[in-house]
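Peer 1:
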Amino acid sequence: MTPAPSRLRDLPAVVAGIAATVLGAGLGELAAALVAPAASPFAVIGGAMIDLAPAWAKDLAIDLFGTGDKAALLVGIAVLLLVVAGVAGALENRRPPWGRVVLAGLGALGAVVSMTRADAGLLSPVPSLIAGAGAAVVGALLIARLRRPPRRSVADGAPSDEGVTRRGVLALSGVAVMAGALAAFGSVALSGGARAISAVRSALRLPSPATTTTVPDAADLGIDGLSPVITPSADFYRIDTALVVPQVDPATWTLRVHGLVEQEVVLRWDDLVALPQKETVATLVCVSNEVGGSLIGTARWLGVPIRDILARAKPTDEADMVLSRSVDGFTASSPLEALTDDRDALLAIGMNGEPLPLEHGFPVRMVVPGLYGYVSATKWVSELEVTRFDRAEGYWTPRGWSERGPVKLQSRIDVPRAGAQVAAGDAVIAGVAWHNHVGVAGVEVQIDDGPWQPATLASAISADTWVQWSLPWDATTGSHTVRCRAISADGSTQTSDTAPPAPDGATGWDETTVSVA
Ligand SMILES: Nc1nc2c(c(=O)[nH]1)N[C@H]1C(S)=C(S)[C@@H](COP(=O)(O)O)O[C@H]1N2
Ligand SMILES: [Mo]
Numbered sequence: 002m003t004p005a006p007s008r009l010r011d012l013p014a015v016v017a018g019i020a021a022t023v024l025g026a027g028l029g030e031l032a033a034a035l036v037a038p039a040a041s042p043f044a045v046i047g048g049a050m051i052d053l054a055p056a057w058a059k060d061l062a063i064d065l066f067g068t069g070d071k072a073a074l075l076v077g078i079a080v081l082l083l084v085v086a087g088v089a090g091a092l093e094n095r096r097p098p099w100g101r102v103v104l105a106g107l108g109a110l111g112a113v114v115s116m117t118r119a120d121a122g123l124l125s126p127v128p129s130l131i132a133g134a135g136a137a138v139v140g141a142l143l144i145a146r147l148r149r150p151p152r153r154s155v156a157d158g159a160p161s162d163e164g165v166t167r168r169g170v171l172a173l174s175g176v177a178v179m180a181g182a183l184a185a186f187g188s189v190a191l192s193g194g195a196r197a198i199s200a201v202r203s204a205l206r207l208p209s210p211a212t213t214t215t216v217p218d219a220a221d222l223g224i225d226g227l228s229p230v231i232t233p234s235a236d237f238y239r240i241d242t243a244l245v246v247p248q249v250d251p252a253t254w255t256l257r258v259h260g261l262v263e264q265e266v267v268l269r270w271d272d273l274v275a276l277p278q279k280e281t282v283a284t285l286v287c288v289s290n291e292v293g294g295s296l297i298g299t300a301r302w303l304g305v306p307i308r309d310i311l312a313r314a315k316p317t318d319e320a321d322m323v324l325s326r327s328v329d330g331f332t333a334s335s336p337l338e339a340l341t342d343d344r345d346a347l348l349a350i351g352m353n354g355e356p357l358p359l360e361h362g363f364p365v366r367m368v369v370p371g372l373y374g375y376v377s378a379t380k381w382v383s384e385l386e387v388t389r390f391d392r393a394e395g396y397w398t399p400r401g402w403s404e405r406g407p408v409k410l411q412s413r414i415d416v417p418r419a420g421a422q423v424a425a426g427d428a429v430i431a432g433v434a435w436h437n438h439v440g441v442a443g444v445e446v447q448i449d450d451g452p453w454q455p456a457t458l459a460s461a462i463s464a465d466t467w468v469q470w471s472l473p474w475d476a477t478t479g480s481h482t483v484r485c486r487a488i489s490a491d492g493s494t495q496t497s498d499t500a501p502p503a504p505d506g507a508t509g510w511d512e513t514t515v516s517v518a
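Residue numbers for the sequence shown follow the numbering used here, beginning at 2 and rising by one.
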């Protein structure tokens with residue numbers, strides 16, 4: 002099959018359309034880096050796509066939020082954009098000015114979307130407008146060249162042929178692509194915001210805690226391959242809807258507490274660090290975590306109990322929920338009770354002895370023992386609206402997730418790894434178990450169809466943290482299936498009923514198949 006000749010004739014225009022769009026997109030990103038970092042056209046469109054994605058797409062959500070899949074989303078947008086750009090090139094070739102109208106229209110669309118984002122500012126539409134205008138103008142100029150009737154020079158008698166024009170336009174397209182790439186690299190190098198806030202973070206000194214939590218030595222069994230009881234920040238899972246990590250300067254950060262309160266409160270960074278700080282250890286887990294999944298971690302958190310802040314605002318009797326809001330528009334609905342009872346729900350400023358990493362919510366986030374992250378752990382938090390469950394809802398609730406998210410009893414096998422080759426003889430099976438803010442009383446392990454055997458539990462740090470467990474195993478040659486189930490401090494046994502993550506957390510037993518040789 003060969004393409005119709007008329008299509009081939011459009012090819013230089015398609016290339017020109019794509020090249021002009023690469024240049025426009027690069028200029029848009031550069032403009033964003035210079036004047037409105039949150040309004041990068043790619044980030045704005047990607048962010049809107051994440052927010053608008055229908056409920057069925059939320060089965061992909063676990064990955065969609067993860068870092069790798071954010072890159073995939075951006076690549077997807079880029080590919081789609083280039084396809085549209087090519088079509089616009091052909092259109093401009095055949096029916097000018099419709100191609101440039103399409104390109105300028107894309108820019109205008111980006112500009113409109115950028116103004117709807119939670120973190121929109123006055124300059125937000127600028128990067129998209131520059132991108133659209135750049136692509137339209139350059140595309141129109143390149144393609145107009147292609148459309149010019151071949152000139153015949155009488156003077157030297159050498160007719161200039163169409164091929165020369167095409168080669169010229171292709172060369173100019175190459176220049177446009179390189180300029181666009183250069184602008185894009187420039188935007189990365191320039192992302193001044195990120196570097197500036199990183200520098201502010203590095204220079205920060207955290208206040209010392211008035212109260213700390215001790216981690217007993219016996220909390221970590223020190224088994225090779227078993228998750229350490231405290232997760233290093235660099236290995237801590239990251240889940241959020243933010244395509245670009247929000248850049249929040251502590252110097253300008255404020256927390257507004259309002260809604261059903263007697264006294265509206267506005268807190269600044271200096272106010273927050275002047276309050277008595279508590280250092281706690283708590284496990285944070287994502288509702289999207291599959292059975293056996295890795296969207297869980299445990300850290301030392303430094304911060305101020307949220308109840309101390311709420312006590313100043315004095316919630317009224319009708320209030321039963323706090324809708325916490327991030328600078329990027331994300332919201333979480335937490336039961337008021339979970340923030341005011343005796344648990345250590347924190348407005349956290351420190352993680353594992355350092356200021357929060359930027360991607361974990363710098364400068365201030367929430368950490369609430371016992372609740373999944375999506376209903377409690379708001380990063381880059383800027384607002385606490387005291388309200389009611391029948392009046393407001395968090396980000397994920399209209400997207401198919403439960404309005405409340407207490408963490409379910411779960412356990413996971415870390416050792417041996419799935420598919421591992423184990424040497425026959427003395428081996429060990431080990432993992433972690435959690436029932437956040439309730440506590441774990443035991444873990445049982447079943448090998449093939451054998452009896453459930455009690456595992457040894459490490460010392461628990463508190464009911465708010467996961468606990469390591471292990472069981473010695475005399476491994477015999479062959480293939481074996483290993484399962485585990487936890488027993489809660491409330492007496493219940495982890496259910497074998499399987500449930501998917503949506504709407505309120507996965508259930509079922511973790512299972513690993515190992516071959517012993
Ligand atoms: N601003 C903001 N905060 C957020 C989210 C988000 O999308 N945006 N996601 C929540 C979810 S679903 C989880 S599981 C935790 C994850 O926190 P981590 O990335 O520090 O592990 O953050 C919560 N806080
Ligand atoms: Mo989550």
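For every residue, glycine included, the Cβ atom is placed at its ideal position computed from N, Cα and C.
1. Around the C-beta of Val-23, are 16 or more other C-beta atoms found within 10 angstroms, so that it is buried, or is it exposed?
2. Does the distance between the C-beta of Ser-325 and the nearest non-hydrogen atom of ligand 2 fall short of 7 Å?
3. Beta-carbon distances below 6 Å to any heavy atom of ligand 1 define the shell here; list its residues in chain order, please.
4. Looking only at C-alpha atoms, which of Thr-398, Ala-112 and Ala-184 sits nearest to Ala-503?
5. Just to confirm my understanding: we take Gly-374, look at its own chain, exclude 5 residues before and 5 after, and list those with CB closer than 6 Å. What are they?
6. Which whole-angstrom value is the C-beta distance of Trp-510 and Arg-484, which I expect to be below 8 Å?
7. What number of angstroms, rounded off, separates the C-alpha of Gly-426 from the C-alpha of Val-517?
8. Going by the beta-carbon positions, is the gap between Gly-27 and Pro-42 smaller than 8 Å?
9. Given the structure, does Ser-403 come close to ligand 2, in the sense that its CB is under 7 Å from one of the ligand's heavy atoms?
10. In three-state DSSP terms, what is Val-170?
11. Measure the C-alpha to C-alpha separation of Arg-146 and Arg-167 and round it to an integer number of angstroms.
12. By Cβ distance, which residues of its chain are closer than 7 Å to Ser-188, with the 5 residues on each side in sequence left out?
13. What ranges does the beta strand (DSSP E) occupy inside the segment 356-389, keeping only unbroken runs of at least 3 residues that lie completely in it?
14. Where in the segment 47-122 do unbroken runs of the alpha helix (DSSP H), each at least 4 residues long, occur, reported from the N-terminal end onward?
15. Mapping the DSSP letters down to three states, classify Arg-392 as helix, strand or coil.
16. Go through its chain and collect everything with a Cβ distance to Ala-137's Cβ below 6 Å, but skip five positions before and after it.
17. Could you check what DSSP says for Trp-397 in three-state terms: helix, strand or coil?
18. I believe Gly-18 touches Glu-93 by the beta-carbon criterion, under 8 Å. Please report the beta-carbon distance rounded to the nearest angstrom.
19. Going by the C-beta, is Ser-334 closer than 7 Å to any heavy atom of ligand 2?
20. Would Asp-321 and Arg-389 qualify as a contact pair, given that the criterion is a beta-carbon distance under 8 Å?
21. Met-352 bridges to which residues according to DSSP?
Peer 2: Looking at the coordinates:
1. Classification of Val-23: buried, given that the 10 Å Cβ count is 16 or more.
2. Checking the Cβ of Ser-325 against ligand 2 gives no.
3. Taking each Cβ in turn, the ones that pass are Phe-237, Tyr-238, Arg-239, Ile-240, Asp-241, Thr-242, Ala-243, Leu-285, Cys-287, Ser-327, Asp-329, Phe-331, His-361, Gly-374, Tyr-375, Ala-378, Thr-379, Lys-380 and Trp-381.
4. When only C-alpha atoms are compared, the closest one is Thr-398.
5. Take Gly-374, set aside five residues on each side of it, and the residues of its chain with a beta-carbon closer than 6 Å to its own are Leu-285 and Cys-287, in chain order.
6. Contact holds; Cβ gap of about 5 Å.
7. If you take the alpha carbons of Gly-426 and Val-517, they lie about 9 Å apart.
8. The Cβ atoms of Gly-27 and Pro-42 lie no closer than 8 Å to each other.
9. No - ligand 2 has no heavy atom lying nearer than 7 Å to the Cβ of Ser-403.
10. In the three-state reduction of the DSSP assignment, Val-170 falls in the helix class.
11. Those two C-alpha atoms are separated by around 9 Å.
12. Once the five neighbours on either side are set aside, the close Cβ partners of Ser-188 are Glu-30, Leu-31, Ala-33 and Ala-34.
13. You should have 366-368 and 382-388.
14. Listed in chain order, they are 62-66, 68-95 and 99-117.
15. Per DSSP, reduced to three states, the secondary structure at Arg-392 is coil, with no helix or strand assignment.
16. Counting only Cβ-Cβ distances below 6 Å, and skipping sequence neighbours, we find Arg-101, Leu-104 and Ala-105.
17. Reduced to three states, the DSSP call for Trp-397 is coil.
18. That pair is a contact at about 7 Å.
19. Ligand 2 has no heavy atom closer than 7 Å to the beta-carbon of Ser-334.
20. Yes; because the gap between Cβ atoms is below 8 Å, this pair is in contact.
21. DSSP output for Met-352 lists Trp-302 and Glu-355 as bridge partner(s).
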